[in-house]
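Only one structure is covered here, and it is reproduced in the block below.
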Amino acid sequence: MATTSTTGSTLLQPLSNAVQLPIDQVNFVVCQLFALLAAIWFRTYLHSSKTSSFIRHVVATLLGLYLALFCFGWYALHFLVQSGISYCIMIIIGVENMHNPMMIITQKITSLACEIHDGMFRKDEELTSSQRDLAVRRMPSLLEYLSYNCNFMGILAGPLCSYKDYITFIEGRSYHITQSGENGKEETQYERTEPSPNTAVVQKLLVCGLSLLFHLTICTTLPVEYNIDEHFQATASWPTKIIYLYISLLAARPKYYFAWTLADAINNAAGFGFRGYDENGAARWDLISNLRIQQIEMSTSFKMFLDNWNIQTALWLKRVCYERTSFSPTIQTFILSAIWHGVYPGYYLTFLTGVLMTLAARAMRNNFRHYFIEPSQLKLFYDVITWIVTQVAISYTVVPFVLLSIKPSLTFYSSWYYCLHILGILVLLLLPVKKTQRRKNTHENIQLSQSKKFDEGENSLGQNSFSTTNNVCNQNQEIASRHSSLKQ
Numbered sequence: 032m033a034t035t036s037t038t039g040s041t042l043l044q045p046l047s048n049a050v051q052l053p054i055d056q057v058n059f060v061v062c063q064l065f066a067l068l069a070a071i072w073f074r075t076y077l078h079s080s081k082t083s084s085f086i087r088h089v090v091a092t093l094l095g096l097y098l099a100l101f102c103f104g105w106y107a108l109h110f111l112v113q114s115g116i117s118y119c120i121m122i123i124i125g126v127e128n129m130h131n132p133m134m135i136i137t138q139k140i141t142s143l144a145c146e147i148h149d150g151m152f153r154k155d156e157e158l159t160s161s162q163r164d165l166a167v168r169r170m171p172s173l174l175e176y177l178s179y180n181c182n183f184m185g186i187l188a189g190p191l192c193s194y195k196d197y198i199t200f201i202e203g204r205s206y207h208i209t210q211s212g213e214n215g216k217e218e219t220q221y222e223r224t225e226p227s228p229n230t231a232v233v234q235k236l237l238v239c240g241l242s243l244l245f246h247l248t249i250c251t252t253l254p255v256e257y258n259i260d261e262h263f264q265a266t267a268s269w270p271t272k273i274i275y276l277y278i279s280l281l282a283a284r285p286k287y288y289f290a291w292t293l294a295d296a297i298n299n300a301a302g303f304g305f306r307g308y309d310e311n312g313a314a315r316w317d318l319i320s321n322l323r324i325q326q327i328e329m330s331t332s333f334k335m336f337l338d339n340w341n342i343q344t345a346l347w348l349k350r351v352c353y354e355r356t357s358f359s360p361t362i363q364t365f366i367l368s369a370i371w372h373g374v375y376p377g378y379y380l381t382f383l384t385g386v387l388m389t390l391a392a393r394a395m396r397n398n399f400r401h402y403f404i405e406p407s408q409l410k411l412f413y414d415v416i417t418w419i420v421t422q423v424a425i426s427y428t429v430v431p432f433v434l435l436s437i438k439p440s441l442t443f444y445s446s447w448y449y450c451l452h453i454l455g456i457l458v459l460l461l462l463p464v465k466k467t468q469r470r471k472n473t474h475e476n477i478q479l480s481q482s483k484k485f486d487e488g489e490n491s492l493g494q495n496s497f498s499t500t501n502n503v504c505n506q507n508q509e510i511a512s513r514h515s516s517l518k519q
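Add 31 to the 1-based position in the sequence shown for the numbering used here, that's all there is to it.
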C-alpha cells in the first residue's frame with residue numbers, strides 16, 4: 032500500500048508497533064475485517080429480497096470508496112479518476128481499441144472491456160463458448176460500472192469476478208433455477224432456497240488464522256534473502272541449498288493464502304461466490320476462489336501448481352490475452368503478467384524464467400509421463416520425483432519475484448550457475464515439442480456448443496444460473512482447459 036491516510040495511520044499506529052508490522056499492512060487487515068463485518072450486514076439487511084439493486088449498488092460502492100480512502104488516503108481519488116476516464120473511453124470508442132495502454136488499468140476494467148467488445152462488437156460465431164457466456168450485451172450504467180470496480184468486497188484484494196456474475200449477485204438472481212422450455216429457450220421456473228455461506232466463511236477464516244500465524248512466526252526466521260547470503264553460499268552444501276530454497280519459499284506463501292482466502296470469505300459472507308452443489312448435495316462457495324492450498328503444496332507439475340495458484344488472474348490472462356493473440360501466446364501472456372504485476376525487474380525475471388520452465392515441463396511431461404502410468408508402484412515413484420522437481424523448479428523461478436531487484440536476483444541465479452535455465456534450454460533443444468492446438472475451427476465449435484446445449488436441455492431438469500461463466504462450461508472445465516502456457 033503506497034500511501035495511507037493520516038487518520039488511519041494515527042489510529043492504528045499503536046497496533047502496528049505492538050505486532051511490528053508496517054502500518055499499511057495493519058490498515059489492510061483492519062479494513063478487510065471491517066469489510067467482513069460489512070458483508071454480513073450487507074447480506075442480512077440489504078439482501079436482494081429486501082431492497083433494490085440500486086441501493087445495493089450505491090452502498091457497495093460507497094463502502095468500497097471509504098475503505099480505499101482509509102487505506103490509501105486521498106491517493107484513492109486517482110483510482111476513481113482512472114475508473115471514470117476508462118468508462119468514458121469505453122463509451123466513446125466502443126471498446127474497439129481495447130489493447131490501448133490506457134485500457135489496461137486493472138483486471139476488472141480490462142475484463143469488462145473485453146466482455147463488452149465481445150457482446151457488442153463481435154459476432155457470436157467468432158466467440159468461444161466461454162466468451163459468449165461472459166459477453167455483455169449492453170453498456171453498463173456508470174453506477175453499475177463503479178459498483179463492479181469499487182465495491183467494498185473486492186476493492187482491496189479482489190478476487191476478480193466476471194461482470195455478469197457480479198450483476199447477477201447484486202440483482203438477486205443468484206439462485207434461480209432455469210429449465211429449457213418447449214421453444215428451446217431457457218425459462219426461469221423457480222428460485223432455489225438460498226444456502227447459508229456461514230460454514231464456508233468459518234472454514235476460510237480458520238485457514239486465514241493459521242496462515243497469518245505461520246507468517247508471523249515462521250517467515251521471519253526463514254528469509255528468502257538468506258539464499259544469497261555470501262557465507263551461506265560459500266559454506267552450504269548443495270542439498271542444504273536446495274532444502275533451504277524450498278523451505279524459505281514455502282514460508283513466503285502463507286501471506287498470499289491469508290490475503291486471498293480472507294478476500295474470498297468476505298465475498299462469501301455477503302452472499303457472493305455460490306457455485307451450485309457437489310455430488311453429495313453440499314453447497315460450493317468457490318466461484319471466485321483464488322487458490323487451492325492442498326493442490327499447490329502437493330503439485331507434481333508446473334501445470335498443477337499454476338492451475339491452483341492465483342486462479343482468477345490466470346483466467347483473466349487467458350481471456351484478455353492468450354485467446355486474443357495471433358502469435359506466441361505463451362510469451363505474450365507471461366509478459367502481460369509481468370507488466371500487470373509492476374515495474375520491478377524481479378517480476379520480469381520470474382515470468383521470463385517461467386516461460387522457459389513451462390515449455391520445458393510441458394515437453395518433459397509429453398515425452399515421458401506415459402511410460403510411468405502402470406504399475407501403481409512406478410506411478411508413485413514418478414509422482415514423488417516430479418513433486419520434488421516441481422517444488423524446486425517453482426522455488427527457483429520465483430526467487431526474483433520476492434527479491435524484486437535485478438542484482439540480488441542475478442546473484443542468486445549465478446550462485447546456482449543458472450543450472451535450471453540451462454537444463455530447460457537443453458530439454459527444448461533435444462526433446463520433440465508437440466505443438467498445441469489452441470482452437471478448433473470456429474464453425475465446428477459453434478456446432479458443438481449448440482449440440483451440447485440441446486443435449487443438456489433434453490437430459491437435465493435445468494441448471495443453476497448463478498454463474499454466467501458456468502452456463503455452458505463448468506468453471507472447473509474452464510480452469511482445466513486454461514491457456515496452454517499455464518497448463519503444461
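We treat Cβ as the ideally placed atom computed from N, Cα and C, and that holds for glycine.
Predicted model only: the values in this text are computed from it and were never measured.
{"Item": "Apply the 10 Å Cβ neighbour rule to residue 269 and answer buried if 16 or more other Cβ atoms are within range, or exposed otherwise.", "Value": "exposed"}
{"Item": "Please state if the CB of residue 175 and the CB of residue 88 are separated by a distance shorter than 8 Å.", "Value": "yes"}
{"Item": "Pull up the CB-CB distance for residue 259 and residue 85, whole angstroms please, since I reckon it's below 8 Å.", "Value": "With 8 Å as the limit, residue 259 and residue 85 do not qualify as a contact, their Cβ atoms being about 55 Å apart."}
{"Item": "With DSSP as the reference, label residue 253 as helix, strand or coil.", "Value": "coil"}
{"Item": "Since residue 184 contacts residue 70 with CB under 8 Å, what's their CB separation in whole angstroms?", "Value": "6 Å"}
{"Item": "With C-beta atoms as the reference, is residue 139 less than 8 Å away from residue 93?", "Value": "no"}
{"Item": "Determine the direct distance from the alpha carbon of residue 294 to that of residue 188, and round the result to whole angstroms.", "Value": "6 Å"}
{"Item": "Closer than 7 Å by C-beta to residue 431: which residues in its own chain qualify, once you throw out the five before and the five after it? Chain order, please.", "Value": "377, 380, 381, 440"}
{"Item": "CB-CB under 8 Å to residue 363, same chain, minus the five flanking residues each way: which ones, in chain order?", "Value": "352, 353, 356"}
{"Item": "Return yes when the Cβ of residue 392 is within less than 8 Å of the Cβ of residue 332, no when it is not.", "Value": "yes"}
{"Item": "Who does residue 293 pair with in a DSSP beta bridge?", "Value": "According to DSSP, which records beta bridges pairwise, residue 293 is partnered with nothing at all."}
{"Item": "To the nearest angstrom, how far is the alpha carbon of residue 161 from that of residue 195?", "Value": "12 Å"}
{"Item": "If residue 427 sits next to residue 253, beta carbons under 8 Å apart, how far is it from one beta carbon to the other, in whole angstroms?", "Value": "Contact doesn't hold; Cβ gap of about 16 Å is too wide."}
{"Item": "Alpha carbon to alpha carbon, how far is residue 227 from residue 78?", "Value": "13 Å"}
{"Item": "Ends of the alpha helix (DSSP H) at residue 262?", "Value": "261 to 266"}
{"Item": "In whole angstroms, what separates the C-alpha of residue 262 from that of residue 272?", "Value": "12 Å"}
{"Item": "Determine the contact status of residue 181 and residue 96, defining contact as a CB-CB distance below 8 Å.", "Value": "yes"}
{"Item": "Work out the CA separation of residue 244 and residue 296 for me, nearest whole Å.", "Value": "18 Å"}
{"Item": "For residue 314, does the three-state DSSP call read helix, strand or coil?", "Value": "strand"}
{"Item": "Using the Cα positions of residue 134 and residue 142, report the straight-line distance between them to the nearest angstrom.", "Value": "Reliability of the predicted coordinates at residue 134 is poor, the pLDDT of 40 falling under 50, and no value is obtained from them."}
{"Item": "So, at 7 Å on beta carbons, what are the nonlocal neighbours of residue 410 in its own chain, with the 5 sequence-adjacent residues on each side left out?", "Value": "403, 404"}
{"Item": "Report the option in 100, 287, 169 whose CA atom is closest to the CA atom of residue 62.", "Value": "100"}
{"Item": "Can you give me the C-alpha to C-alpha distance between residue 203 and residue 316, rounded to a whole angstrom?", "Value": "16 Å"}
{"Item": "Distance, Cα to Cα, residue 419 vs residue 368?", "Value": "26 Å"}
{"Item": "Identify whether residue 197 lies in helix, strand or coil by the three-state DSSP scheme.", "Value": "helix"}
{"Item": "What's the call for residue 453, buried or exposed, on a 16-neighbour Cβ count within 10 Å?", "Value": "exposed"}
{"Item": "Expressed to the nearest angstrom, what Euclidean distance is found between the alpha-carbon atoms of residue 266 and residue 306?", "Value": "52 Å"}
{"Item": "Measure from the alpha carbon of residue 322 to the alpha carbon of each residue in 344, 74, 394, 257, then state which is nearest.", "Value": "344"}
{"Item": "Whole angstroms is fine: what's the gap from residue 288's alpha carbon to residue 241's?", "Value": "10 Å"}
{"Item": "Measuring only the C-alpha atoms, how far is residue 422 from residue 170?", "Value": "45 Å"}
{"Item": "Select from 65, 237, 257, 395 the residue whose C-alpha is nearest the C-alpha of residue 463.", "Value": "395"}
{"Item": "Expressed to the nearest angstrom, what Euclidean distance is found between the alpha-carbon atoms of residue 59 and residue 450?", "Value": "39 Å"}
{"Item": "Rounded to the nearest angstrom, what separates residue 90 and residue 346 at their Cα positions?", "Value": "28 Å"}
{"Item": "For residue 269, which three-state DSSP category applies?", "Value": "helix"}
{"Item": "Taking all protein chains shown into account, decide if residue 438 is buried (16 or more other Cβ within 10 angstroms of its Cβ) or exposed.", "Value": "exposed"}
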